[in-house]
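J.: Which chain is which? The protein sequence lines are A and B, in order.
The first sequence begins at 0 in numbering that gives the first Met the number 0 and counts up one residue at a time.
The second sequence begins at 0 in numbering that gives the first Met the number 0 and counts up one residue at a time.
All C-beta atoms in this analysis are idealised placements derived from N, C-alpha and C, irrespective of residue type, glycine included.
No experiment lies behind these values; they were computed from the predicted model shown.
There are 2 protein chains.
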Amino acid sequence: MISFARGAPSLDIVDVEGLKQAAADAFTSDPAGTTAYGTAIGYVPLRRWIAEQHGVDEARVIVTNGSMQADAFLFDALVEPGDAVVVEKPTYDRTLLGLQHRGAEIHMVDLEPDGISVDGLRALLESGVRPKLAHIIPNFQNPAGYTLSREKRVALLDLAREHGFTIFEDDPYIEIRFSGHALPTMLSLDGPEDEHVVYASSFSKTVCPGIRVGYLVGPEDLIARITKAATNTYISPNMVAQSVVYQFCATGRITGAVETVSRALAERVEALTTALGEHLPEARFQAPEGGYFMWVELPEGTDVHVLFDAATERGVTFVKGTDFLLEGGENTLRLAYSGVTTDQIDEGVRRLAEAYRSL
Amino acid sequence: MISFARGAPSLDIVDVEGLKQAAADAFTSDPAGTTAYGTAIGYVPLRRWIAEQHGVDEARVIVTNGSMQADAFLFDALVEPGDAVVVEKPTYDRTLLGLQHRGAEIHMVDLEPDGISVDGLRALLESGVRPKLAHIIPNFQNPAGYTLSREKRVALLDLAREHGFTIFEDDPYIEIRFSGHALPTMLSLDGPEDEHVVYASSFSKTVCPGIRVGYLVGPEDLIARITKAATNTYISPNMVAQSVVYQFCATGRITGAVETVSRALAERVEALTTALGEHLPEARFQAPEGGYFMWVELPEGTDVHVLFDAATERGVTFVKGTDFLLEGGENTLRLAYSGVTTDQIDEGVRRLAEAYRSL
Numbered sequence: 000m001i002s003f004a005r006g007a008p009s010l011d012i013v014d015v016e017g018l019k020q021a022a023a024d025a026f027t028s029d030p031a032g033t034t035a036y037g038t039a040i041g042y043v044p045l046r047r048w049i050a051e052q053h054g055v056d057e058a059r060v061i062v063t064n065g066s067m068q069a070d071a072f073l074f075d076a077l078v079e080p081g082d083a084v085v086v087e088k089p090t091y092d093r094t095l096l097g098l099q100h101r102g103a104e105i106h107m108v109d110l111e112p113d114g115i116s117v118d119g120l121r122a123l124l125e126s127g128v129r130p131k132l133a134h135i136i137p138n139f140q141n142p143a144g145y146t147l148s149r150e151k152r153v154a155l156l157d158l159a160r161e162h163g164f165t166i167f168e169d170d171p172y173i174e175i176r177f178s179g180h181a182l183p184t185m186l187s188l189d190g191p192e193d194e195h196v197v198y199a200s201s202f203s204k205t206v207c208p209g210i211r212v213g214y215l216v217g218p219e220d221l222i223a224r225i226t227k228a229a230t231n232t233y234i235s236p237n238m239v240a241q242s243v244v245y246q247f248c249a250t251g252r253i254t255g256a257v258e259t260v261s262r263a264l265a266e267r268v269e270a271l272t273t274a275l276g277e278h279l280p281e282a283r284f285q286a287p288e289g290g291y292f293m294w295v296e297l298p299e300g301t302d303v304h305v306l307f308d309a310a311t312e313r314g315v316t317f318v319k320g321t322d323f324l325l326e327g328g329e330n331t332l333r334l335a336y337s338g339v340t341t342d343q344i345d346e347g348v349r350r351l352a353e354a355y356r357s358l
Numbered sequence: 000m001i002s003f004a005r006g007a008p009s010l011d012i013v014d015v016e017g018l019k020q021a022a023a024d025a026f027t028s029d030p031a032g033t034t035a036y037g038t039a040i041g042y043v044p045l046r047r048w049i050a051e052q053h054g055v056d057e058a059r060v061i062v063t064n065g066s067m068q069a070d071a072f073l074f075d076a077l078v079e080p081g082d083a084v085v086v087e088k089p090t091y092d093r094t095l096l097g098l099q100h101r102g103a104e105i106h107m108v109d110l111e112p113d114g115i116s117v118d119g120l121r122a123l124l125e126s127g128v129r130p131k132l133a134h135i136i137p138n139f140q141n142p143a144g145y146t147l148s149r150e151k152r153v154a155l156l157d158l159a160r161e162h163g164f165t166i167f168e169d170d171p172y173i174e175i176r177f178s179g180h181a182l183p184t185m186l187s188l189d190g191p192e193d194e195h196v197v198y199a200s201s202f203s204k205t206v207c208p209g210i211r212v213g214y215l216v217g218p219e220d221l222i223a224r225i226t227k228a229a230t231n232t233y234i235s236p237n238m239v240a241q242s243v244v245y246q247f248c249a250t251g252r253i254t255g256a257v258e259t260v261s262r263a264l265a266e267r268v269e270a271l272t273t274a275l276g277e278h279l280p281e282a283r284f285q286a287p288e289g290g291y292f293m294w295v296e297l298p299e300g301t302d303v304h305v306l307f308d309a310a311t312e313r314g315v316t317f318v319k320g321t322d323f324l325l326e327g328g329e330n331t332l333r334l335a336y337s338g339v340t341t342d343q344i345d346e347g348v349r350r351l352a353e354a355y356r357s358l
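1. For residue 176 of chain B, which of helix, strand or coil comes out of DSSP?
2. Of all Cβ atoms in chain B, is any one closer than 8 Å to the Cβ of residue 210 of chain A?
3. What did DSSP end up calling residue 36 of chain A once you bin it into helix, strand or coil?
4. Going by DSSP, what residue range makes up the beta strand (DSSP E) through residue 83 of chain A?
5. In this structure, does DSSP put residue 119 of chain A in helix, strand or coil?
6. Are the region 140-154 of chain B and the region 105-116 of chain B in contact at 8 Å, needing three or more beta carbon pairs?
7. How should residue 33 of chain B be labelled, buried or exposed, when 16 other C-beta atoms within 10 angstroms of its C-beta is the threshold for buried?
8. Mind pulling the chain A residues with CB within less than 7 Å of residue 68 of chain B?
9. Using DSSP bridges, identify the partner residues of residue 293 of chain B.
10. If you reduce the DSSP assignment to three classes, tell me which class residue 350 of chain B lands in.
11. Could you work out which residue in A:178, A:150, A:89, A:127 is closest to residue 134 of chain A when comparing CA atoms only?
12. List, in order along the chain, the chain A residues whose C-beta lies closer than 8 Å to that of residue 34 of chain B?
13. CA-CA distance, residue 171 of chain B and residue 227 of chain A?
14. At a CB-CB cut-off below 7 Å, which residues of chain A make contact with residue 255 of chain B?
15. Span of the beta strand (DSSP E) holding residue 195 of chain B?
16. Using 8 Å as the cut-off, can you tell me whether the region 295-312 of chain B makes contact with the region 37-52 of chain B, which would need three or more C-beta pairs spanning the two stretches below that distance?
17. Residue 77 of chain A to residue 85 of chain A, Cα distance in whole Å?
18. Please confirm if residue 239 of chain B has its CB atom under 8 Å from at least one CB of chain A.
19. Could you give the first and the last residue of the continuous beta strand (DSSP E) run that contains residue 143 of chain B?
20. Using the rule of at least 16 other Cβ atoms within 10 Å of the residue's Cβ for burial, across every protein chain shown, is residue 157 of chain B buried or exposed?
21. Looking at the unbroken alpha helix (DSSP H) that takes in residue 364 of chain A, where does it start and where does it end?
22. Is the beta carbon of residue 61 of chain B closer than 8 Å to that of residue 87 of chain B?
23. Which term fits residue 232 of chain A, buried or exposed, when burial requires 16 or more other beta carbons within 10 angstroms of its beta carbon?
24. Does residue 233 of chain B come out as helix, strand or coil in the three-state DSSP assignment?
25. Could you give the DSSP three-state label for residue 133 of chain B: helix, strand or coil?
26. Express the C-alpha separation of residue 243 of chain A and residue 229 of chain A in angstroms, rounding to a whole number.
27. Which one of B:21, B:7, B:36 has the shortest CA to CA distance from residue 37 of chain A?
28. Along the beta strand (DSSP E) that carries residue 215 of chain B, what are the first and last residues, could you check?
29. Along the chain, where does the beta strand (DSSP E) containing residue 167 of chain A start, and where does it finish?
30. Which residue or residues does DSSP assign as beta-bridge partners of residue 315 of chain A?
31. Please work out which residues of its chain come closer than 8 Å, Cβ to Cβ, to residue 177 of chain A, disregarding the five sequence neighbours upstream and downstream, and give them in chain order.
32. Quick check on residue 283 of chain A: does DSSP put it in helix, strand or coil?
33. Using only alpha-carbon positions, find the residue among A:273, A:216, A:319, A:160 that is nearest to residue 70 of chain A.
34. With distances taken Cα to Cα, identify the nearest neighbour of residue 238 of chain B among A:203, A:221, A:259, A:218.
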């Protein structure tokens with residue numbers, strides 16, 4: 000089975016030796032901090048490192064057991080049943096699930112190749128909807144692979160100020176850019192006095208997913224509330240893992256790891272787009288500039304559920320576009336190229352095309 | 000400041016070198032399983048190892064980010080607002096907090112030197128209270144240091160069967176026994192067909208607290224429900240930490256670690272009881288056979304809040320007994336001897352006695 004389904008790196012692009020060394024460094028250089036209970040804010044040196052990266056005060060940062068846990072804390076803190084929340088259309092399926100679980104009133108706003116439709120969001124706001132939160136994945140969006148333009152980042156912040164909602168900038172892929180130019184985060188554009196952005200990221204894509212270290216940057220009072228909830232949930236997050244991540248970052252290994260991953264993913268996107276052009280020219284897509292995912296549209300009328308079964312029979316799998324939407328998307332799919340090697344990609348697309356021809 | 004407050008081991012009894020080796024082994028022997036996303040059940044080899052230790056099917060085990068997180072999942076699964084829950088009097092303050100937070104109707108039943116008062120619990124049940132759950136810390140209870148006798152373990156199970164409640168056997172200290180004889184868990188006494196016990200334990204006391212690995216053993220359908228909630232909370236717990244714990248256990252290092260900790264704690268209890276006899280003969284206590292904590296009663300009329308301040312001024316601290324109760328306990332305190340070395344203990348008790356004399 001060739002899997003374009005899972006958003007996870009293949010083992011060959013994980014710096015296992017570097018991690019082993021970082022673990023040894025963690026136990027050697029800070030045995031007490033690494034092995035003892037910490038507090039819910041996370042491992043202090045890593046929290047400080049993150050704060051420095053973002054140029055914010057440490058009190059605005061909490062380091063958690065993965066960024067999904069951070070999302071859960073944030074939703075628990077901000078989203079009451081019946082609250083309006085804006086998400087991108089399509090968006091990450093677990094975000095949809097987390098919001099549905101909390102009884103949010105979900106408003107999906109079209110995602111365009113340069114990010115969420117600002118006109119669509121403005122129209123929604125003008126219709127009287129008062130969202131508590133707008134969830135935005137700005138870079139190499141999951142599932143679409145699209146990136147929010149600079150102009151739209153500024154426009155979104157203007158809308159957030161005008162209408163008093165919080166932008167949840169969910170940014171785990173930011174470091175994995177392999178073409179084009181980096182754009183400023185909305186967190187940095189918001190300025191120190193304004194507090195319209197809560198930013199989340201993670202080390203899953205730069206260190207490894209099994210390490211489960213993520214974080215939030217937000218207004219100090221919100222972070223304090225979330226820290227209290229985290230204390231009551233688990234006393235402290237994983238200090239061993241956070242100390243290992245700190246060593247991996249502080250010694251600069253993370254720079255090499257990001258280069259390795261970015262180089263490999265650039266090759267995989269190239270292989271994927273070439274193979275699609277060759278074997279499945281009906282597929283429409285925009286090649287991503289980074290991240291793990293590419294969104295593919297097939298001709299109207301294609302039934303992705305039938306395609307999925309036909310593909311599985313032929314030894315290739317993906318995630319149906321419908322999983323990232325509340326309705327529609329029957330002719331769409333998400334291809335993750337993070338976990339497949341280039342030689343698998345050509346064969347996988349060949350099988351996918353064969354499945355499509357069989358419909 | 001000499002601290003009898005925190006239930007955590009001093010660094011000298013943590014096997015830091017063993018942990019460093021276990022981390023190297025984890026990345027070397029299973030790089031894929033250690034660095035990739037896992038699933039919410041936990042790291043598969045560790046889950047299997049735990050299941051074997053308890054002689055249960057793997058499907059009955061979930062390995063979590065520390066046992067507090069396991070408690071939170073269990074309470075979320077079983078406790079609705081208004082549900083009656085039995086706890087020991089006194090009990091672990093975070094358990095009280097977690098239950099209060101969920102709106103449980105808490106019934107505290109007296110804790111005796113051989114465990115919870117079975118007569119007291121029976122009287123409560125006969126008064127018509129129908130608890131969903133009884134939370135019991137059977138070995139070297141926190142805060143009292145008492146251990147539930149074998150007879151009472153059997154009697155509690157009989158009551159659970161008769162009245163249809165679940166015993167939450169919260170057992171993080173079981174391995175840290177330094178005198179007397181090990182008693183069977185209620186989980187093992189319950190038998191394979193009966194499902195009246197959910198068992199929780201952790202590696203915080205045997206490996207180290209910063210590793211944040213705990214687990215639940217329970218009925219298969221309940222574990223499946225909790226696994227689903229865990230997936231939605233954090234996808235997977237920390238695979239790096241769980242793989243390190245697995246290596247630490249599978250290579251037998253854990254046996255040596257438990258011996259080191261138990262030997263040290265036996266010496267500390269000896270030092271503590273000797274010092275109390277010498278400097279503070281008014282103190283009444285029962286020396287624990289294991290664990291981290293000893294409960295101390297001072298003469299009626301002692302105000303522990305005043306004592307706490309007087310002690311802090313003199314450079315010694317502890318946790319007030321009132322923190323472990325909903326009411327009463329003004330003449331009681333919990334002394335944790337896990338984090339203090341023997342030479343600190345004599346001086347700490349000397350200061351405590353001086354504070355007591357100053358009242």
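T.: Result, derived from the coordinates:
1. strand
2. yes
3. coil
4. 83-88
5. helix
6. yes
7. buried
8. 232, 233
9. B:334
10. helix
11. A:89
12. 10, 13, 15, 18, 207, 208, 209, 210
13. 24 Å
14. The premise fails here: residue 255 of chain B is roughly 16 Å from chain A at the closest Cβ pair, so nothing lies under 7 Å.
15. That residue, residue 195 of chain B, is in no beta strand (DSSP E); it is neither H nor E in DSSP.
16. no
17. 13 Å
18. yes
19. Run containing residue 143 of chain B: none; DSSP gives neither H nor E here.
20. exposed
21. No answer is possible for residue 364 of chain A: it lies beyond the span of chain A, which begins at 0 and ends at 358.
22. no
23. buried
24. helix
25. strand
26. 21 Å
27. B:7
28. 213-216
29. 165-169
30. A:1
31. 261, 262, 264, 265, 268, 288, 289
32. strand
33. A:216
34. A:203
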